[in-house]
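Structure first, commentary second.
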Amino acid sequence: MNFLIRGAAIAALLHITPVVVLVKRPDAVQALLPGADAYVAREVHLSAADAHRLHEAVDWSPEDGVLVFYGGMAGSTSMGALEFVRVDTPHGPIEVAVGFTPQGAVRGVVVTKATVEMKPWVLEAVAAGFTDQYRGLKPGGAAPAGSAAIAGRAGNLAAYVAGEVDKGVARALASYGSFYNHVTP
Amino acid sequence: MLYDLRRADIRIKWLVTGLLATLGLSYVFGAVMVALYAGFTPQRVAATYAGPEMSMTMPPETTVIVQRPMAMADFAKPEVHTVDTGLLIQDTHVHVPMYGLIAAALGVVVAGLSLSRRWALGLIGLLFAAPWLDFAGMWLTKFASPRFAIVTLAGGWAMGVAYLIVAALAVHQMWSSRERS
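First to last, the sequence lines map onto chains A and B. Numbered according to this note's numbering, the first sequence spans residues 1 to 185. Numbered according to this note's numbering, the second sequence spans residues 1001 to 1181.
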């Protein structure tokens, strides 16, 4: 009986809660590609060698081996690009939108989805300003450090979820740096 | 038989009733969650678990790019909730132990019911077969054919039907049977 009770408690603790939308995708697009009035989806179908290279760099393989970037234009002027990256955590998935300026630096980061369980952690981390730390990062430059930035100012779980967002930003930086402009359609 | 819910102490009957009510509540919200994230039709279940992986064969020899224009409205299109292999591994890992414990708890209730041995064995078998069918359907849908979505649906319905049978029999025998102590 004791085994059953312990097993039930462990299973309940490990149960992954449903994913909820924190920021709708159109709102994230408007925030990360301000001024854009036309958009293009750029699907990069990775070869096995490139997929392996990306995996070696950031320990990640995009779903179905396809990276999807969204470019924004205002007339004929590029307003930059953004990428939605999913990070699987032991508490379920989160989705991070990472926007880039036309010069290739991070313009901003928005957490668009999280599980019900992680939502308060994300909100606390956002309130502590962890996404500000990503602005200006460039591929090949400093590593994302949103978690370290709020470690003393927010709770452990907020810092934990910021660490998971760090992974998402690192993946976006690596994939954008290697594949957004370096492969021509 | 020493363990008979009809003649059990009132405290045991109250415990079993509380267990059944609590599991019933979780089953209702489980059904709501299925409706929100996967659906009750074979098509929607197949879209959730088969996903684009079914049509993906091999990566291209060299990296290729496909571009298409998008409107802002395209970003607002409702997304189909999909479960990829990694998430299915995680789901299986965390759900199956819980389903096993629920089946065991309901199986203990069945053991205290006044049923023929054959019916009791069949009901306990159904309690454990349902989650097996549920997850076997998900894996087969992903890696064999989207047609196996029907197996997942069968597993889900079997779980609900088995619970209802156990709950109805237990409540009836504990609280309505003439043989109660």
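Don't be surprised by glycine CBs; every beta carbon is placed ideally from N, CA and C. Please read these numbers as outputs of a predicted model, since none were measured by experiment.
Item                                                                                                                                                            : Value
Sort out for me which residues DSSP pairs serine 78 of chain A with in a bridge.                                                                                : A:Met73
Got a sec, what are the start and stop residues for the beta strand (DSSP E) methionine 1070 of chain B sits in?                                                : 1064-1070
Helix, strand or coil for alanine 1105 of chain B per DSSP?                                                                                                     : helix
Ordered along the chain, which non-local residues of its own chain (more than five positions away) have a Cβ less than 8 Å from that of valine 1096 of chain B? : Pro1131, Phe1135
Out of curiosity, what's the CA-to-CA distance linking valine 1083 of chain B and threonine 1141 of chain B?                                                    : 11 Å
Flag valine 1064 of chain B as yes if its beta-carbon sits less than 7 Å from any beta-carbon of chain A, otherwise no.                                         : yes
Examine chain A for any beta-carbon lying closer than 7 Å to the beta-carbon of proline 1131 of chain B, and answer yes or no.                                  : no
Could you say which of A:Ser78, A:Ala154, A:Pro18 lies nearest to leucine 32 of chain A if we only look at CA atoms?                                            : A:Ser78
Taking the alpha carbon of glycine 104 of chain A as the point to measure from, which residue in A:Phe179, A:Asp27, A:Thr17 has its own alpha carbon closest?   : A:Phe179
What are the complete alpha helix (DSSP H) segments, minimum 4 residues, inside the region 101-129 of chain A?                                                  : 119-127
Compare the C-beta of alanine 48 of chain A with all C-beta atoms of chain B and state if any pair is closer than 7 Å.                                          : yes
Taking the alpha carbon of valine 1166 of chain B as the reference point, which residue from B:Met1072, B:Gly1112, B:Arg1178 has its own alpha carbon closest?  : B:Gly1112
Using a Cβ cut-off of 7 Å (strictly closer), state whether arginine 25 of chain A contacts chain D.                                                             : Absence of chain D from the displayed structure is noted, the protein chains being A and B.
Just how far apart, CA to CA, sit phenylalanine 84 of chain A and valine 96 of chain A?                                                                         : 6 Å
Since tyrosine 1037 of chain B meets chain A, which of its residues come closer than 9 Å, beta carbon to beta carbon?                                           : Pro18, Val19
Along chain A, in chain order, which residues have C-beta atoms closer than 8 Å to that of glycine 1086 of chain B?                                             : Asp88
Thinking just about the alpha-carbon of each residue, which of A:Arg42, A:Ile94, A:Val110 is nearest to the one in alanine 28 of chain A?                       : A:Val110
For methionine 1138 of chain B, which residues in chain A fall below 7 Å Cβ to Cβ?                                                                              : What methionine 1138 of chain B touches in chain A: nothing, since even the nearest Cβ is about 15 Å away.
Have a look at alanine 57 of chain A and alanine 48 of chain A and give me their C-alpha separation to the nearest angstrom.                                    : 14 Å
If you count every other CB in all the chains shown that lies within 10 Å of the CB of histidine 1172 of chain B, and 16 or more means buried, which is it?     : exposed
Which residues mark the beginning and the end of the alpha helix (DSSP H) in which tyrosine 176 of chain A is found?                                            : 156-179
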